[in-house]
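Each protein sequence line maps, in turn, to chains A and B. Residues 1 to 252, numbered by UniProt numbering, are exactly what the first sequence covers, in order. Residues 1 to 252, numbered by UniProt numbering, are exactly what the second sequence covers, in order. What follows is a single structure, written as structure tokens, with notes after it.
There are 2 protein chains.
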Amino acid sequence: MSQQRHGSTPGEAGGVPAFPDLPEATIARLPEYLRALHHLAETGAETVSSEGLAAAAGVNSAKLRKDLSHLGSYGTRGVGYDVSLLVAQIEYILGLDENRAVCLVGVGNLGHALAGYAGFASRGFRVVALFDTDPKKVGEQINGLTVRHLDDLERIAAEESIAIGVIATPPGTAQTVADALVAAGVTSILNFAPGVLSVPSNVDVRKVDLAIELQILSFHEHRKASLTALPGGRAAAASPDKQPEDQEAVGS
Amino acid sequence: MSQQRHGSTPGEAGGVPAFPDLPEATIARLPEYLRALHHLAETGAETVSSEGLAAAAGVNSAKLRKDLSHLGSYGTRGVGYDVSLLVAQIEYILGLDENRAVCLVGVGNLGHALAGYAGFASRGFRVVALFDTDPKKVGEQINGLTVRHLDDLERIAAEESIAIGVIATPPGTAQTVADALVAAGVTSILNFAPGVLSVPSNVDVRKVDLAIELQILSFHEHRKASLTALPGGRAAAASPDKQPEDQEAVGS
DNA sequence: CGCGATTTGTGCACGCCTTCACAAGCGCCT
DNA sequence: AGGCGCTTGTGAAGGCGTGCACAAATCGCG
Ligand SMILES: NC(=O)c1ccc[n+]([C@@H]2O[C@H](COP(=O)([O-])OP(=O)(O)OC[C@H]3O[C@@H](n4cnc5c(N)ncnc54)[C@H](O)[C@@H]3O)[C@@H](O)[C@H]2O)c1
Ligand SMILES: NC(=O)c1ccc[n+]([C@@H]2O[C@H](COP(=O)([O-])OP(=O)(O)OC[C@H]3O[C@@H](n4cnc5c(N)ncnc54)[C@H](O)[C@@H]3O)[C@@H](O)[C@H]2O)c1
């Protein structure tokens, strides 16, 4: 059942008992819960019901309760969840209390925007290095960081204990960059370049492909159009919602 | 909402009357297949086996065959799939042959990068309008397009038959922008601002949240770290592989 | 001190998705 | 013409995730 016996809050690393074996689908939703909780905290709320939090996160309340129960959650029946406690719990599970160092490779159009993005810092990450291979880019100052040459990756990654790398280079060089990241000891990669990366099984890759998102939307447009052309005036019904998420990663 | 009526698909002989009812999971993978196919076509390949295409797209070959079978695919046993035919089929299904018009709202850091992204055009979309509310931004020329004020959205959306909108504004204004898009007749939204959007049930929303991706990676880092702290050198085993993918969308 | 209102945690059933395994179909070679 | 090897398409099984419905737990109040 519930092992609430775990009176210790996050912050301690030595004797982490058994790491909870969360379903991937749950993991993908935790960040959304966290964002909603932070928002609630700002409004002064001290507790939230599963119903309230679910609404704020755009999910079903039963699903939310099950998700939270998986991480041996602290909730009080008849009352709800303690906001700040839950925030701490989720941040601990996600490892955000480590304020992980992130590096960004490819300071072009997109990389520039990412380098200046405040959402990194506010959500538990530190961008500690920028890399590029273009001599015109190397040396440039962006948002307080100097663009380094990719050749320095290995050294700097070690110095700064970088575990996460973001790839924002053209598709053709993405695999090369990924190899370099892996060689430098990076074990998590977020890839913005279209295409499939091949990495060792202990490295996790997540991919963001704008065109894929648009194409999925396009499909639904196509579908909607072909339905409109049909008989029944199938219009908007009272469908609750649906705001899924997921992806998966490699592992070994 | 009135789009030209399209008769039938590019390579269809017998007639594909009803719109195929594809599983969401399949739809999410079709764009990846398409990208892989385009790549193969460039290398001169005329046919591909499910095994080959699956490898190029980073999925299981059985899954790929089932996916393609859902859209009544044309493959030849003992030979494989005809590349160009399959490209045409998937593009038709995804509605890419309509070269859909897309508008972008919020020409800031991220919006600027998106506005200049060549990947839109090359994958079946036309960015036809940019919007912002900042007087300093309105009127600016970006990549051949003039930034318009959001107030012009409704008129321009109608003129250009814009069905897809991209939101790249600060989180606080995302809902307002979404409402404006919906009012202008946009029925598909790609949202880069963190948070949950509320839209009518006939509007599809897909969300891209960088911080969520990083947090998921962070979780796996955390997990990997806690495993490393365990018993013997249980390093890499003979785990085949695993390629992710997925997300979902609203519908109705 | 007990009762009712409230909300969590979860057993269970259902449906979707993945994966295996194999028969059917196709081209080629002899 | 016939056989052989290759590849597709799919039936069936298993796993995962979702959502319902409800018992258990807790609080506030009389
Ligand atoms: N711009 C966008 O809005 C956008 C959106 C989605 C995806 N993408 C993808 O993101 C990637 C980057 O897009 P972009 O528009 O910024 O391209 P870009 O050409 O503007 O920038 C690419 C940068 O990567 C650098 N680079 C090239 N090879 C490198 C290497 N081996 N090591 C390190 N750096 C290297 C280049 O010098 C350049 O600065 C592309 O794969 C693109 O498809 C871009
Ligand atoms: N910059 C990034 O790399 C990045 C990455 C991921 C997500 N995001 C998200 O994307 C969004 C935009 O980020 P950004 O860095 O470009 O911010 P930004 O502040 O640079 O740009 C926001 C732009 O939106 C405009 N705007 C504000 N209110 C508007 C409205 N009501 N209608 C139209 N335009 C409006 C502003 O004038 C500004 O030009 C944010 O929600 C951010 O969280 C950004």
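The C-beta atom is built at its ideal place from N, Cα and C for all residues, glycine as well. Here the structure is a predicted model, which is why all the values come from computation and not from measurement.
- By the Cβ criterion, the region 210-230 of chain A is in contact with the region 119-137 of chain B, since at least three pairs of Cβ atoms, one from each stretch, lie closer than 8 Å.
- Here ALA118 of chain B is exposed: its Cβ has fewer than 16 other Cβ atoms, across all protein chains shown, within 10 Å.
- DSSP, read as helix, strand or coil, puts SER188 of chain B in strand.
- The CB of THR187 of chain B comes closer than 7 Å to the CB of GLU221 and LYS224 in chain A, given here in chain order.
- Using a Cβ-Cβ cut-off of 8 Å, ILE216 of chain A counts as an interface residue toward chain B, since at least one Cβ of chain B sits closer than that to its own.
- Spatial neighbours of VAL48 of chain B in its own chain (CB-CB distance under 7 Å, excluding positions within 5 residues in sequence) are listed in chain order as LEU40, GLY80, TYR81 and VAL83.
- For HIS222 of chain A against LEU71 of chain B, the beta-carbon gap comes to about 12 Å, at or over 8 Å, which does not count as contact.
- Per the C-alpha coordinates, the member of A:PHE131, A:LEU145, A:GLY44 and A:ILE162 positioned closest to ALA168 of chain A is A:PHE131.
- Here GLY58 of chain B is buried: its Cβ has 16 or more other Cβ atoms, across all protein chains shown, within 10 Å.
- Here the alpha carbon of SER201 of chain B sits roughly 39 Å from the alpha carbon of VAL107 of chain A.
- PHE219 of chain B carries a helical assignment under DSSP once its states are collapsed to helix, strand and coil.
- The CB of PHE125 of chain A comes closer than 7 Å to the CB of LEU214 in chain B, given here in chain order.
- Secondary structure note for THR146 of chain B: its beta strand (DSSP E) is the uninterrupted segment 145-149.
- Assigned with DSSP and collapsed to three states, ALA28 of chain A falls in helix.
- Listed by position along chain A, the residues whose Cβ is nearer than 8 Å to that of HIS70 of chain B form an empty set, because the closest Cβ is around 13 Å away.
- Contacts with chain B at 8 Å (Cβ-Cβ) include VAL208 of chain A.
- A residue is listed when its beta-carbon falls short of 6 Å from at least one non-hydrogen atom of ligand 1; in chain order these are A:VAL105, A:GLY106, A:VAL107, A:GLY108, A:ASN109, A:LEU110, A:GLY111, A:PHE131, A:ASP132, A:THR133, A:ASP134, A:LYS137, A:LEU150, A:ALA168, A:THR169, A:PRO170, A:PRO171, A:THR173, A:THR176, A:VAL177, A:PHE192, A:ALA193, A:PRO194, A:LEU210, B:ALA113, B:LEU114, B:TYR117 and B:GLY119.
- The C-beta distance from LEU53 of chain A to ALA36 of chain A rounds to 6 Å, short enough to meet the 8 Å contact threshold.
- Residue-level contact check: HIS112 of chain B touches chain A, since one or more beta carbons of chain A fall below 8 Å from its beta carbon.
- Chain-order list of chain B residues neighbouring TYR33 of chain A: empty, with the shortest C-beta distance near 11 Å, by a criterion of under 8 Å.
- Apart from the 5 residues on each side of it in sequence, VAL87 of chain A sits with its Cβ closer than 8 Å to the Cβ of LEU34, LEU37, HIS38 and ALA41 in its chain, given in chain order.
- Listed along chain B are LEU214, LEU217, SER218 and GLU221, each with a C-beta nearer than 9 Å to that of ILE164 of chain A.
- Close partners of TYR74 of chain A in chain B (Cβ separation under 9 Å) are lacking, with about 19 Å as the shortest Cβ gap.
- Taking a beta-carbon distance threshold of 8 Å, GLY172 of chain A does not count as an interface residue toward chain B.
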